[in-house]
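Peer 1: Residue numbers (my numbering): 1414 to 1904. Idealized CB from N, CA, C, for every residue including glycine. Computed from a predicted structure; not experimentally measured.
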Amino acid sequence: MSAESGFVKILNFIDGQFCEPVSGNYCDNINPSTGAVYSQWAQSNENDVELAVNASKKAFPRWKSLSNGQRSKILHRWADLIDENLERLAVAESIDNGKPISVSKAVDIPRSSKNLRFFADYILEIEPEIFEMPGEAMNYIERDPLGVVVAISPWNLPLYLFTWKVAPALAFGNTVVAKPSEVTPMTAFLLAELSLQAGVPPGVFNVVHGTGQDVGQALVTHPDVKAVTFTGSTQTGRIIAKQVSPLFKKLSLEMGGKNPNIVFADCDFESAISTTMRSSFANQGQICLCGSRVYVESSIYEKFKAELVNRTKNLVQGDPLSLDTEQGAVVSKTHFEKILGCIDQAKKDGGKIIIGGEPFNGAGENASGFFIQPTIIENLSQSCAGNQQEIFGPVITICPFVSEDQVIEWANGTEYGLAGSVWTADIEKARRVAKQLESGIVWINTWMLRDLRTPFGGMKNSGVGREGGQSAYHFFTEPKTVCVKLGGQNV
Ligand code: NAD
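1) Residues in the same chain with beta-carbon distance under 6 Å from V1904, minus the five sequence neighbours each way, listed in chain order, please.
2) Return yes when the C-beta of L1574 is under 7 Å from any heavy atom of the ligand NAD, and no when it is not.
3) Going by DSSP, what residue range makes up the alpha helix (DSSP H) through N1552?
4) So for A1678, helix, strand or coil by DSSP?
5) For the candidate residues S1594, A1611, I1554, whose alpha-carbon lies nearest to that of F1643?
6) Reducing DSSP to helix, strand and coil, say where N1498 ends up.
7) Just verifying my parser: in three-state terms, what is the DSSP assignment at W1823?
8) Count the C-beta pairs between the region 1418-1436 and the region 1480-1499 that are closer than 8 Å, then say yes if the count reaches three, no if not.
9) Only counting runs of 4 or more residues, tell me where the alpha helix (DSSP H) segments fall wholly within the region 1758-1825, in order along the chain.
10) According to DSSP, S1834 sits in a beta bridge with which residue or residues?
11) How would you write the range of the beta strand (DSSP E) that N1444 sits in, first residue to last?
12) Any heavy atom of the ligand NAD closer than 7 Å to the Cβ of V1620?
13) So V1562 and N1587 are supposed to be a Cβ contact under 8 Å. How far apart are they, rounded?
14) Do G1882 and T1867 come within 8 Å of each other at the CB atom, strictly closer than that value?
15) Going by the C-beta, is F1661 closer than 7 Å to any heavy atom of the ligand NAD?
16) Would you tell me roughly how many angstroms separate the C-alpha atoms of N1874 and E1667, rounded to the nearest one?
17) Compute the distance between the beta-carbons of V1729 and E1720, then report whether it is under 8 Å.
18) Whole angstroms are fine: how far does the CA of C1440 sit from the CA of E1463?
19) Give the single residue among G1731, S1693, S1566 whose Cα lies nearest to the Cα of I1811.
20) Taking the continuous beta strand (DSSP E) assigned at L1664, which residues delimit it?
21) Provide the residue span of the beta strand (DSSP E) that contains N1619, from first to last.
22) Compute the minimum distance between the beta carbon of F1805 and the heavy atoms of the ligand NAD, and state whether it is under 7 Å.
23) Spell out the partners DSSP gives V1895 in its beta bridges.
24) Write down every uninterrupted run of the alpha helix (DSSP H) in the region 1524-1590 whose length is 4 residues or greater and which is fully enclosed by it, in chain order.
25) My assumption, with CB atoms under 8 Å, is that A1564 sits in contact with A1582. Please give the rounded CB distance.
26) Spatial neighbours of G1482 within its chain, please: CB distance less than 8 Å, with the 5 preceding and 5 following residues excluded, ordered by chain position.
27) Taking 7 Å as the cut-off, is the CB of Q1630 close to at least one heavy atom of the ligand MN?
28) Taking C-alpha atoms, which residue in V1435, P1434, Q1453 lies nearest to F1420?
29) What separation, rounded to the nearest whole angstrom, lies between the Cα atoms of L1450 and P1892?
30) How is the alpha helix (DSSP H) around V1633 delimited, first residue to last?
31) Tell me, please, which residues DSSP counts as bridged to W1454.
32) Taking only heavy atoms of the ligand NAD into account, decide whether any of them is closer than 7 Å to the Cβ of Q1802.
33) Three-state secondary structure (DSSP) at E1606?
34) If we define contact as Cβ-Cβ less than 8 Å, is A1631 a contact residue for chain D?
35) Would you say the beta carbon of W1568 comes nearer than 7 Å to a heavy atom of the ligand NAD?
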């Protein structure tokens, strides 16, 4: 199967086989950098969900009974295959999503194999959990896999976030039915092909394509599904929470953000500015961790702003498949219109567009693509939509601050609490600010640096639960405490 060349049908993957959707219907898949239909995805529904959950349920006892070493080997093989197919997967990701090929090659695809490798290694190093009651008893904790787990992922880092869920679920012995975003289904489809080569047994890993309404909803409410791991918008997370909570399934929600990037005057200017360029515009600003509100201490505000504008002007925008491109297309026409609507609203709210603010006209076949100029807005009040709502595009606001207390209040003044950055040479100040930020992660003098052992997730409306390392181990297993009385009968 050469999925990315020619007009491909993106099929479901159930019980180790690619299959047509039960409905027989397909939806167009659009290349956002050209606006052209280039493939079609299976428009699945609850019937496909039923087949996938049944296959997953059937495969569970055998997969669970494998040793951690056996599962680890399979996951490593899968990771190797991702690495061997880096070029092919990166091209597919960039066509499907609109992101620059340099980003797919350096970030998305390598991180996908790293996700598998990380959990393949993690399961080999799990320490027994023992709690002794001297002279009386000892307790040990058994952690068993849950069964069928549903993984639902978004379009911004398609394979990266898809594997971030699938890898731990499988490593800890669960079987999975996964639904990638219908906006970017291609690399999940290709990953299924690689799972066969890696020797993942039939039914252990299943992929059902389709919309949230047709497939997502049927998956999260299915009685045989034991846990749901979701990454996407807060709006969808809220719907899922409402449906899943009364069913008492385990639920992990990774949702939206409106992250502050706080720059103090005593920062390393070059490091702060170059990283702010990345944290503002990487992946066209479509990373949940992007710093979309930039707060700069007033004494360096004008200098920082001027340099940021200068560098933004020089960003190379255009064909995602060109190696020089730094800014590709945003993911879809709907999203393109949403972002432009947010920029318009900011203008109405008194925001001053200091650079960008318009669609970007691509050349040749990119003329019909969904490109937006990287945009910086100043002069917006903290309560405006532009400083409160997630835009999730190449759009940041910038604002001077005069005191630590003021910037902390502003930083915390949204419904979100996913990530934040603090730039200063004063480590005591940095730690003081970090302590007060309502945020799942705070970076000091860096951004997007991740140790996969650490808990990852959001506070407030950015998330419920944590992923990564031990948090994932705890989420994807059910603990059982076994208490053994020492020296004979209990009294
Ligand atoms: P989305 O919520 O529209 O969709 C996410 C996934 O949920 C898709 O697969 C979609 O089909 C599915 N879905 C939609 N409705 C559903 C329903 N009723 N039941 C079950 N599934 C349903 O989000 P998106 O637009 O794909 O992604 C962008 C959002 O994701 C942004 O808000 C971004 O901040 C967030 N995000 C968060 C993180 C994080 O780690 N916190 C990471 C990446 C993206």
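Peer 2: Quick answer:
1) In this prediction, V1904 has a pLDDT of 47, which is less than 50 and means its spatial position is unreliable; what the coordinates show is noted afterwards. For V1904, where only same-chain residues beyond five positions count, there are no Cβ hits under 6 Å.
2) L1574: yes, Cβ under 7 Å from the ligand NAD.
3) It is not in any alpha helix (DSSP H) - N1552 instead sits in the beta strand (DSSP E) that spans 1550-1558.
4) It is coil, neither helix nor strand.
5) Among S1594, A1611, I1554, the Cα nearest to that of F1643 is on S1594.
6) Looking at N1498 - three-state DSSP - the assignment turns out to be coil, as it is neither helix nor strand.
7) Annotated three-state conformation of W1823 is helix, per DSSP.
8) In this structure the region 1418-1436 does not touch the region 1480-1499; the number of beta carbon pairs closer than 8 Å is below three.
9) Whole alpha helix (DSSP H) segments, 4+ residues: 1798-1801, 1817-1824.
10) Looking at the DSSP output, S1834 shares a beta bridge with N1674, W1856.
11) That run of the beta strand (DSSP E) goes 1439-1444.
12) Every heavy atom of the ligand NAD is 7 Å or more from the Cβ of V1620, so no.
13) At roughly 4 Å, the Cβ-Cβ gap stays under 8 Å, so V1562 and N1587 are in contact.
14) Against a cut-off of 8 Å, the Cβ pair of G1882 and T1867 comes out as a contact.
15) Not so, every heavy atom of the ligand NAD lies at least 7 Å from the Cβ.
16) Between N1874 and E1667, the alpha-carbon positions lie close to 9 Å from each other.
17) It is not a contact, given that the beta carbons lie outside the stated cut-off.
18) Take the alpha-carbon of E1463 and the one of C1440: they are about 20 Å apart.
19) Looking at the Cα atoms, S1693 is the closest of the given residues.
20) 1663-1667 is the span of the beta strand (DSSP E), which, as asked, contains L1664.
21) Counting along the chain, the unbroken beta strand (DSSP E) around N1619 starts and ends at 1618-1620.
22) Taking the Cβ of F1805 as the reference point, at least one heavy atom of the ligand NAD falls within a distance shorter than 7 Å.
23) Looking at the DSSP assignment, V1895 forms a beta bridge with Y1553.
24) Runs of the alpha helix (DSSP H) inside the region 1524-1590: 1571-1584.
25) Right, their Cβ atoms sit about 6 Å apart.
26) Excluding residues within five positions, the ones whose Cβ falls inside 8 Å are L1537.
27) What this structure holds is the ligand NAD, not the ligand MN.
28) Among V1435, P1434, Q1453, the Cα nearest to that of F1420 belongs to Q1453.
29) Here residue 1450 is Val; the residue named in the question, Leu, does not match the sequence. V1450 and P1892: Cα-Cα distance of roughly 47 Å.
30) Residues 1630-1633.
31) DSSP lists I1423, C1440 as partners of W1454.
32) Residue side-chain check: Q1802 keeps its Cβ at 7 Å or more from all non-hydrogen atoms of the ligand NAD.
33) Note: E1606 maps to helix in three-state DSSP.
34) As a matter of chain content, chain D is missing from the structure shown, which is built from one protein chain.
35) Yes, the Cβ of W1568 comes within 7 Å of a heavy atom of the ligand NAD.
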